[in-house]
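In what follows, a structure is listed as structure tokens, so that the remarks can point back to it.
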Amino acid sequence: MTHSFPLRVYYEDTDLAGIVYYANYLRFIERARSEMVRAAGIDQTALKAAGLVFAVRRVEADYLSPARFDDQIEVRTDLTDLKGASFTMTQEIWRAETLLFRASVTIVILTETGRPGRLPADIRARVASLAAEAGH
């Protein structure tokens with residue numbers, strides 16, 4: 000399953016040239032990841048109350064074509080890898096049929112002390128269901 004998150008580019012998202020400021024692509028994909036996790040039934044507030052949080056470990060990004068003010072864009076997210084303590088997602092931003100941005104993002108789970116932890120079994124099962132739906 001590819002999770003889809005539509006959004007519109009606002010003036011505040013752009014730079015002086017009227018194109019999306021490069022760091023805002025990371026904000027867009029963060030929102031899409033949060034919605035995908037929510038759609039999988041993972042309550043991040045409850046996870047935090049249990050002393051665990053998701054954190055970005057690594058991002059590899061390619062900026063392919065600019066998005067501009069008032070564009071309607073779509074973030075497409077697929078889970079591509081699941082390990083005991085991390086998972087990786089491929090995220091792409093599209094404007095209609097044009098691929099604008101692609102990133103590979105590795106997520107880990109951290110404990111209250113900021114140390115890496117293992118994914119709890121129930122969270123791992125929910126994340127695994129995303130991978131199964133995507134055919135990975």
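Residues in the sequence shown are numbered consecutively from 0, following numbering that gives the first Met the number 0.
All C-beta atoms in this analysis are idealised placements derived from N, C-alpha and C, irrespective of residue type, glycine included.
*Using the rule of at least 16 other Cβ atoms within 10 Å of the residue's Cβ for burial, across every protein chain shown, is Y9 buried or exposed?*
Here residue 9 is taken as the residue at index 10 of the sequence shown, counted from 1. That one is exposed.
*Comparing alpha-carbon positions, which option in D121, E91, I72 and V19 lies nearest T79?*
In the sequence shown, the residue the question calls residue 79 occupies position 80. Among D121, E91, I72 and V19, the Cα nearest to that of T79 belongs to E91.
*asked:* As an exercise, report each continuous beta strand (DSSP E) stretch of at least 3 residues that is fully enclosed by the region 44-106, in chain order.
replied: 51-62, 71-81 and 85-94, all fully within the region 44-106.
_Neighbourhood of Y21 by C-beta distance below 8 Å, restricted to the same chain and skipping five residues each side_ = Stepping through the sequence shown from its first residue, residue 21 is reached at position 22. The residues are Y62.
*Integer-rounded CB distance, given that F86 should sit under 8 Å from V126*: Mapped onto the sequence shown, residue 126 falls at position 127. Mapped onto the sequence shown, residue 86 falls at position 87. Yes, they are in contact, since the Cβ atoms of V126 and F86 sit about 5 Å apart, within 8 Å.
_Does D14 pass the burial test, meaning 16 or more other C-beta atoms within 10 Å, or should it be called exposed?_
By 1-based counting over the sequence shown, the position of residue 14 is 15. Result: exposed.
*Please classify R7: does DSSP put it in a helix, a strand, or coil?*
Stepping through the sequence shown from its first residue, residue 7 is reached at position 8. In this structure, R7 counts as strand in the three-state DSSP scheme.
*Would you call T166 buried or exposed, if buried means 16 or more other Cβ atoms sit within 10 Å of its Cβ?*
Any question about residue 166 goes unanswered here, given that the chain covers just 0 to 135.
*Where the alpha helix (DSSP H) through Y24 begins and ends*: As a first step, residue 24 is located in the sequence shown; it is residue number 25 there, counting from the start. Taken as a continuous stretch (DSSP letters only), the alpha helix (DSSP H) holding Y24 covers Y21 to A38.
*Under 6 Å Cβ to Cβ from A60, same chain only, skipping five residues before and after it: list those, please.*
Mapped onto the sequence shown, residue 60 falls at position 61. A102, listed in sequence order.
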